[in-house]
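Structure first, then comments.
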Amino acid sequence: MATQELPAAAPRPLRAFDVHVHLFPAMLARFIWKWFEGNAWQIRHKPAPEETFDLLARYGIERMVGLCYTHQPGVAGMLNDFMAEMVAAHPGRLVGFGTVLPGEEGFEDELRRALGELHLSGIKIHCHVQKIAPDDDRMLPVFDTLAETGKVLQIHCGPVSESKAHKSEIDELCAVPRFVRAMRRTPNLKVIVPHIGYDEVQLYLDMLDEFPNLYLDTAMAIGGYRVARGEALPDVRPLAMTRYEKGQKPRLPEPWKPALEQLVPQIMERPDRFLFGTDFPNLPYDPDLEMRELERYLPGDVLNKVLWDNAAKLFGPAERENPT
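full-length UniProt numbering puts the first residue of the sequence shown at 1, with every later residue one more than the last.
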């Protein structure tokens, strides 16, 4: 698999720690890209797993969290082994997350193996794909084990999906009260919700007051959805420094469009709780597009926190690469 050729004169790279990079074995990656290109958008870069690191480095992404997930029984162990091998090959660049399929036979043993024997740094759960709600009883071991070990849950539980085929099911699985109920059992658990919880943005922003270790990643929420839909990004500076009323769902211009006038002021209000993410490689644009948007709208100290400092604090210093 070869990525498309990079532009000859790329913009000056910022230094970034990307907490939302998908790493799958090549065959599975091809299936995922085929789904996107049949149902959503064309994929801009299609790197082999080993090509991902040098490619992202050219855009200023020095460290990353690698994510994988399974939606069928019997696959989690293979994916976790794959991720552990990638971390071993790139310890200074990659923070590896494992996955489990809650409810399948032996998943609790695999959960403990991923976090213990394989030394993975967290677990990825995708509520849409895995058809499981955050407060499902099958999720209890995931929340409890991560809380006990001090590791991180990355849970895609926002209801926005490009697929409309199962919208009612997605809305049911991803209802905000279900996430709140799960979090209140383990309120100190370290959790990352991607895409700033799209499209229940304000409700997730308000949760930052209650849960001290809840983080929101920016993947596709700072303009990326609009570009994916073929729109140009406007320059809406200066932004009105106002917040929506607590608990009020924002009136987005239309589905998948970010409300920058809402997001940017709230990032500046809680600069320690946002993490830069891209959703690479499942993108129709280059991985620095939203870095440029964040650079346009955030002051330097806040920008550095979102792009690097917050993730570095959450995951700790990079390990040294193996000597060659």
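Every residue gets a Cβ at the ideal spot worked out from N, C-alpha and C, and that includes glycine.
Here the structure is a predicted model, which means the values were calculated and not measured.
*Assuming Leu216 and Leu14 make a contact with CB atoms under 8 angstroms, what is their CB distance in whole Å?*
Position 216 of the sequence shown, counted from the first residue, corresponds to residue 216. Position 14 of the sequence shown, counted from the first residue, corresponds to residue 14. With 8 angstroms as the limit, Leu216 and Leu14 do not qualify as a contact, their Cβ atoms being about 19 angstroms apart.
*Can you list, in chain order, the residues of its chain whose CB lies under 8 angstroms from that of residue 327, leaving out five sequence neighbours each side?*
Summary: the structure shown does not reach residue 327, with the chain confined to residues 1 through 324, and so no result is reported for it.
*Please classify Ala16: does DSSP put it in a helix, a strand, or coil?*
By 1-based counting over the sequence shown, the position of residue 16 is 16. Ala16 falls in the strand class under three-state DSSP.
*Please determine, among Glu117, Asp136, Met86 and Met241, the residue with the shortest C-alpha to C-alpha distance to Ile125.*
If you number the sequence shown from 1, residue 125 lands on position 125. Checked all of Glu117, Asp136, Met86 and Met241; the closest Cα to Ile125 is Asp136.
*So, are the CB atoms of Pro194 and Ala219 less than 8 angstroms apart?*
For the purposes of this step, residue 194 is identified with residue 194 of the sequence shown, where counting begins at 1. For the purposes of this step, residue 219 is identified with residue 219 of the sequence shown, where counting begins at 1. Yes, these two residues count as a Cβ contact at 8 angstroms.
_Rounded to whole angstroms, what is the Cα-Cα separation between Ala48 and Tyr225?_
For the purposes of this step, residue 48 is taken as the residue at position 48 of the sequence shown. For the purposes of this step, residue 225 is taken as the residue at position 225 of the sequence shown. Each residue's alpha carbon lies about 24 angstroms from the other.
*Going by DSSP, what residues sit across from Phe97 in a beta bridge?*
The sequence position of residue 97 within the sequence shown is 97, counting from 1. Gly122.
*asked:* Distance check for Lys34 and His71, CA to CA, integer angstroms please.
replied: Here residue 71 refers to the residue found at position 71 when the sequence shown is read from its first residue. Here residue 34 refers to the residue found at position 34 when the sequence shown is read from its first residue. Those two C-alpha atoms are separated by around 16 angstroms.
*Along the chain, where does the alpha helix (DSSP H) that runs through Gly77 open and close?*
If you number the sequence shown from 1, residue 77 lands on position 77. That run of the alpha helix (DSSP H) goes Ala76 to Ala89.
_With a threshold of 8 angstroms, are at least 3 pairs of Cβ atoms found where one atom belongs to the region 275-293 and the other to the region 181-188?_
no
*Taking the Cβ atom as the reference point for each residue, do Thr99 and Asn80 lie within a distance shorter than 8 angstroms?*
Within the sequence shown, the letter at position 99 stands for residue 99. Within the sequence shown, the letter at position 80 stands for residue 80. In this structure, Asn80 lies closer than 8 angstroms to Thr99 by Cβ.
_Beta-carbon separation (whole angstroms), Val21 vs Val65, contact threshold 8 angstroms_ = Position 21 of the sequence shown, counted from the first residue, corresponds to residue 21. Position 65 of the sequence shown, counted from the first residue, corresponds to residue 65. Right, the Cβ-Cβ distance comes to about 6 angstroms (below 8 angstroms), so this counts as a contact.
*In this structure, does DSSP put Lys190 in helix, strand or coil?*
On the sequence shown, residue 190 is found 190 positions in, with the first residue counted as 1. DSSP, read as helix, strand or coil, puts Lys190 in strand.
*asked:* Can you check whether the C-beta of Lys124 is within less than 8 angstroms of a C-beta belonging to chain B?
replied: You won't find chain B in this structure, because it holds only one protein chain.
*What's the gap between the Cα of Arg273 and the Cα of Ala57?*
Locating residue 273 in the sequence shown gives position 273, where the first residue counts as 1. Locating residue 57 in the sequence shown gives position 57, where the first residue counts as 1. About 24 angstroms.
*List the DSSP bridge partners of Leu205.*
As a position in the sequence shown, residue 205 is number 205, starting the count at 1. DSSP output for Leu205 lists no bridge partner at all.
*Alpha carbon to alpha carbon, how far is Met86 from Pro323? Give it in angstroms, no decimals.*
Locating residue 323 in the sequence shown gives position 323, counting from the first residue. Locating residue 86 in the sequence shown gives position 86, counting from the first residue. With a pLDDT of only 47 at Pro323, under the threshold of 50, the placement of this residue in the model should not be trusted; the figure read from the coordinates follows. Those two C-alpha atoms are separated by around 16 angstroms.
_Only counting the same chain, and skipping five residues up and downstream in sequence, which positions put a Cβ closer than 8 angstroms to that of Glu295?_
Numbered from 1 along the sequence shown, position 295 holds the residue referred to as residue 295. Taken in chain order, the residues that qualify are Leu14 and Leu303.
*asked:* Can you give me the C-alpha to C-alpha distance between Leu67 and Gly150, rounded to a whole angstrom?
replied: Position 67 of the sequence shown, counted from the first residue, corresponds to residue 67. Position 150 of the sequence shown, counted from the first residue, corresponds to residue 150. If I take the Cα positions, the gap works out to 18 angstroms.
*Residues bridged to Asp217 [DSSP beta-bridge criterion]*: On the sequence shown, residue 217 is found 217 positions in, with the first residue counted as 1. Bridge partners of Asp217: Leu275.
*Going along the chain, which residues of its own chain have a beta-carbon closer than 6 angstroms to the beta-carbon of Ile227, five neighbours each way excluded?*
Start at 1 with the first residue of the sequence shown, and residue 227 comes out as number 227. Per the sequence presented here, residue 227 reads as Val, with Ile not at that position. So the qualifying residues of the chain are Tyr285.
*asked:* Among the candidates Lys131, Glu148 and Val152, whose CA atom is the shortest distance from the CA of Ser168?
replied: Residue mapping note: residue 168 aligns to position 168 of the sequence shown, counting from 1. Nearest of Lys131, Glu148 and Val152 to Ser168, Cα basis: Lys131.
*Note down the Cα distance separating Leu205 from Leu283, rounded to an integer number of angstroms.*
Position 205 of the sequence shown, counted from the first residue, corresponds to residue 205. Position 283 of the sequence shown, counted from the first residue, corresponds to residue 283. In a straight line, the C-alpha of Leu205 is about 25 angstroms away from that of Leu283.
*State the DSSP-derived secondary structure class of Glu104, mapped to helix, strand or coil.*
As a position in the sequence shown, residue 104 is number 104, starting the count at 1. If DSSP states are grouped into helix, strand and coil, Glu104 belongs with coil.
_Spatial distance of Glu261 from Glu293 (CA atoms)_ = As a first step, residue 261 must be located in the sequence shown, where it is residue number 261. As a first step, residue 293 must be located in the sequence shown, where it is residue number 293. Going from the Cα of Glu261 to the Cα of Glu293 covers about 13 angstroms.
*Look at Phe24 and Glu62 and say whether their C-beta atoms are less than 8 angstroms apart.*
In the sequence shown, residue 24 corresponds to position 24, counting from 1. In the sequence shown, residue 62 corresponds to position 62, counting from 1. 8 angstroms or more divides the Cβ of Phe24 from the Cβ of Glu62.
*Would Gly38 be called buried (16 or more neighbouring beta carbons within 10 Å of its own) or exposed?*
Translated into the one-based positions of the sequence shown, residue 38 becomes position 38. Gly38 should be labelled exposed.
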